[in-house]
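Novice: Just so you know, the sequences run in chain order W and Y. If you count the first sequence from 1, position 40 lands on 40 in our numbering, and the numbers rise without skipping. With positions in the second sequence counted from 1, the corresponding number in our numbering is that position plus 219. Ideal placement from N, C-alpha and C gives every residue a C-beta, glycine not left out. These numbers were taken from a predicted model, which means no experiment stands behind them. Just dropping this structure here.
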Amino acid sequence: MKYDLRFWVVWEAAPDLLRGAQVTLLIAVATMVGGLVLAFPLAIARRRDHGLLRSGAAAWVEAARNTPCLFQIYAFYFGLGAFGIFLDAWAATSLALLFNNAGYTAEILRGGLAAVSPNQMKAARSLGLTERHAYLAVIVPQVLRIVYYPLTNQFIWSLLNSSLGAIVGLTDLSGVAMVYQSSTFRTFEFFLVIGAIYFLMAKGVLGLARVSAWRLFRY
Amino acid sequence: MQVQVFSGLAPNDLLLLARGAWMTVLMTLAACAIGTLLGVLAGLAKVALGPTLRAPLDAATDALRSVPLLVQLTLLYAGLGILGLPLNPFTAGAIGLSLYAAAYIGEIVRGGILAVPITLRKAARGLGLTRRQEYVHVVLPVGLISALPAWIGVLVGVVKDSAIAAVIGYIELLRTAQIIITRTQEPVIVLLAAGVFYFVICYPVSQLGARLEARFKL
Numbered sequence: 001m002k003y004d005l006r007f008w009v010v011w012e013a014a015p016d017l018l019r020g021a022q023v024t025l026l027i028a029v030a031t032m033v034g035g036l037v038l039a040f041p042l043a044i045a046r047r048r049d050h051g052l053l054r055s056g057a058a059a060w061v062e063a064a065r066n067t068p069c070l071f072q073i074y075a076f077y078f079g080l081g082a083f084g085i086f087l088d089a090w091a092a093t094s095l096a097l098l099f100n101n102a103g104y105t106a107e108i109l110r111g112g113l114a115a116v117s118p119n120q121m122k123a124a125r126s127l128g129l130t131e132r133h134a135y136l137a138v139i140v141p142q143v144l145r146i147v148y149y150p151l152t153n154q155f156i157w158s159l160l161n162s163s164l165g166a167i168v169g170l171t172d173l174s175g176v177a178m179v180y181q182s183s184t185f186r187t188f189e190f191f192l193v194i195g196a197i198y199f200l201m202a203k204g205v206l207g208l209a210r211v212s213a214w215r216l217f218r219y
Numbered sequence: 220m221q222v223q224v225f226s227g228l229a230p231n232d233l234l235l236l237a238r239g240a241w242m243t244v245l246m247t248l249a250a251c252a253i254g255t256l257l258g259v260l261a262g263l264a265k266v267a268l269g270p271t272l273r274a275p276l277d278a279a280t281d282a283l284r285s286v287p288l289l290v291q292l293t294l295l296y297a298g299l300g301i302l303g304l305p306l307n308p309f310t311a312g313a314i315g316l317s318l319y320a321a322a323y324i325g326e327i328v329r330g331g332i333l334a335v336p337i338t339l340r341k342a343a344r345g346l347g348l349t350r351r352q353e354y355v356h357v358v359l360p361v362g363l364i365s366a367l368p369a370w371i372g373v374l375v376g377v378v379k380d381s382a383i384a385a386v387i388g389y390i391e392l393l394r395t396a397q398i399i400i401t402r403t404q405e406p407v408i409v410l411l412a413a414g415v416f417y418f419v420i421c422y423p424v425s426q427l428g429a430r431l432e433a434r435f436k437l
């Protein structure tokens, strides 16, 4: 039996695929930015010597890193339903990815924080800055420079992981392809094309990161 | 007459989950074994080959790392079908995951080998070792050992990513959990149990990785 590749079916679906790609990008960017914002308190809490904050942050990071991302999406999608909170695929995927990105990013930031000399903090405090102010004005800018490339990597992960939302019905790029595969049976063609689109998006993000790193971090 | 649609959780469900966990472990072992073999070969080839010969290898690595695994597995499964090869979710999933793991492991191996200090290599050559001996006795042992922690990280990743093999019909831990949830409508306890299984599989491995990392820190 011979199989004919028919890509015009995919071409006809192009507008929907583009809308799906927008959803993918939106979720990836939003959860990465949100994850970064959450990751700072998490990473700083993990640096404390003891206490509830430290254990809570550690539990978050370990849970995010030691269970599959799809599992986390299920937890928000099915798990919260048992408590009467019914999230749609959008909300469940976004929250799960936020949780996931925050955990991984916290671990990246922990490495970054460890790489900034403790003397920086001492110097800032002795200049009269409060601890919060010292973190914001002195430590964080240095950490961001150190963790910039790991963060772009994490962003690519965020982009790729968002495809898992399709399994609970999100109409992101993968979700759109899944819908079309079930009506056209052109699985190979659709997934080949969206694979290429994901590739281009990932490369585009890396390219942008290179350019902005050059603008941000040159002295 | 009342028809019972959902049935409650039964002790058997725990066995079912354990079976799912075993399926996850099997898939992981297969993918890690083949992926490590391919990855080490790819890593060595990347170091040894010139830029022109290396280009296809680099392109493949790039593609495997920039496309979601969900898409890769679906594509592979559909592609195997188009070629008329016998389909089996385990085989297809294991092949897909192996290639995916190999892409990461190849980069790790390459990084490990390139991280061997040039002075060490010069010392080896200075002691009269041939280029081949230099690699076999000095560069590979030092380079591969320093790559161990990152390699462990990939293994943990494969455990988790094996959940995605469910999209091509492989019934592993997470898919088993979902089936039980559909039958019992008890998402919390079933997901918690599945989470515990994942944690039990992943945590010791990632702890081992952390320990190795602390040990080999320069």
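If you measure between the beta carbons of LEU170(W) and THR93(W), is that distance less than 9 Å?
Specialist: In contact: LEU170(W) and THR93(W) (Cβ atoms closer than 9 Å).
Novice: With DSSP run on the structure shown, which of helix, strand or coil describes PHE418(Y)?
Specialist: Here PHE418(Y) sits in helix by DSSP.
Novice: Cβ of GLU131(W) less than 9 Å from any chain Y Cβ?
Specialist: So, not an interface residue.
Novice: What residues in the stretch 172–184 of chain W bring their beta carbon closer than 7 Å to a beta carbon of chain Y?
Specialist: Residues SER174.
Novice: Ends of the alpha helix (DSSP H) at TYR77(W)?
Specialist: First-last of the alpha helix (DSSP H) with TYR77(W): 69–77.
Novice: Which ranges would you report for the alpha helix (DSSP H) in the stretch 160–210 of chain W if only whole runs of at least 4 residues count?
Specialist: The qualifying runs are 173–184.
Novice: Whole angstroms is fine: what's the gap from ASN313(Y)'s alpha carbon to LEU216(W)'s?
Specialist: One detail in the question is off: residue 313(Y) reads as Ala in this sequence, not Asn. C-alpha separation (whole angstroms): 42 Å.
Novice: Buried or exposed: which applies to LEU302(Y), given that a residue is buried once 16 or more other Cβ atoms fall within 10 Å of its Cβ?
Specialist: Exposed, by the Cβ-count rule.
Novice: For THR243(Y) and LEU348(Y), what's the separation of their Cα atoms in angstroms?
Specialist: When rounded, the distance between both Cα atoms is 45 Å.
Novice: Measuring alpha carbon to alpha carbon, tell me which residue in GLU432(Y), PHE416(Y), ARG430(Y) is nearest LEU235(Y).
Specialist: Measuring from the Cα of LEU235(Y), the nearest candidate turns out to be PHE416(Y).
Novice: What does the alpha-carbon distance come out to for the pair LEU256(Y) and ILE194(W)?
Specialist: Near 29 Å, if we compare the C-alpha coordinates of ILE194(W) and LEU256(Y).
Novice: Could you name the residues of chain W that PHE418(Y) contacts, counting a contact when the two beta carbons are closer than 7 Å?
Specialist: Correct list: ASN66, THR67.
Novice: Less than 9 Å between the C-beta atoms of ARG47(W) and ARG145(W), yes or no?
Specialist: No, the Cβ-Cβ distance between ARG47(W) and ARG145(W) is not below 9 Å.
Novice: Of all Cβ atoms in chain Y, is any one closer than 9 Å to the Cβ of LEU208(W)?
Specialist: It does not; no Cβ of chain Y falls within 9 Å.
Novice: Is VAL116(W) helix, strand or coil when you go by DSSP?
Specialist: Correct three-state label for VAL116(W): coil.
Novice: Looking only at C-alpha atoms, which of HIS50(W), LEU5(W), GLN22(W), VAL33(W) sits nearest to LEU151(W)?
Specialist: Residue VAL33(W) is the option with its Cα nearest to LEU151(W).
Novice: Identify each residue in the stretch 74–101 of chain W for which the Cβ-Cβ distance to at least one residue of chain Y is less than 9 Å, and report them in chain order.
Specialist: Answer set for the stretch 74–101 of chain W: TYR74, ALA75, TYR77, PHE78, GLY79, LEU80, GLY81, ALA82, PHE83.
Novice: Closer than 6 Å by C-beta to GLY35(W): which residues in its own chain qualify, once you throw out the five before and the five after it? Chain order, please.
Specialist: If we look at GLY35(W) and ignore the five residues flanking it on each side, its Cβ neighbours are LEU98, ASN101, ALA102, THR105.
Novice: For a contact meaning CB atoms closer than 9 Å, what does PHE199(W) contact in chain Y?
Specialist: Those are ASP281, ALA282, SER285, VAL286, listed as they occur along chain Y.
Novice: Could you compute how far the alpha carbon of SER162(W) sits from the alpha carbon of LEU233(Y)?
Specialist: Roughly 30 Å separates the two Cα atoms.
Novice: Quick one: what does DSSP say LYS265(Y) is sitting in, helix, strand or coil?
Specialist: Helix, per DSSP.
Novice: For GLY35(W), which residues in chain Y fall below 8 Å Cβ to Cβ?
Specialist: By Cβ distance, chain Y contributes nothing, its closest Cβ being about 17 Å from GLY35(W), past 8 Å.
Novice: Rounded to the nearest angstrom, what separates SER158(W) and TRP370(Y) at their Cα positions?
Specialist: Going by the C-alpha atoms only, they are around 21 Å apart.
Novice: Got a sec, what are the start and stop residues for the alpha helix (DSSP H) LYS341(Y) sits in?
Specialist: Per DSSP, LYS341(Y) belongs to the alpha helix (DSSP H) from 337–345.
Novice: Using DSSP with H/G/I as helix, E/B as strand and the rest coil, what is HIS50(W)?
Specialist: Residue state, collapsed to three classes: coil.
Novice: Should GLY298(Y) be flagged as near chain W, meaning a C-beta pair shorter than 9 Å?
Specialist: Yes, because at least one Cβ of chain W sits closer than 9 Å to the Cβ of GLY298(Y).
Novice: Skipping 5 residues on each side, what residues in its chain have a beta carbon closer than 8 Å to that of PHE86(W)?
Specialist: Closer than 8 Å at Cβ, skipping near neighbours: LEU80.
Novice: Output the distance between the C-alpha atoms of PHE199(W) and THR280(Y), rounded to the nearest integer angstrom.
Specialist: Approximately 12 Å between the Cα atoms of the pair.
Novice: Kindly indicate if chain Y contains any beta-carbon less than 9 Å away from that of TYR104(W).
Specialist: Cβ-Cβ to chain Y under 9 Å: no for TYR104(W).
Novice: Using a C-beta to C-beta distance shorter than 7 Å, which residues of chain Y count as neighbours of ILE194(W)?
Specialist: Ordered by position in chain Y, the residues that pass the 7 Å Cβ test against ILE194(W) are VAL290.
Novice: Assuming ARG340(Y) contacts VAL355(Y) (C-beta within less than 8 Å), just tell me the rounded distance between them.
Specialist: In fact, because the Cβ distance is near 13 Å, the residues do not count as touching under 8 Å.
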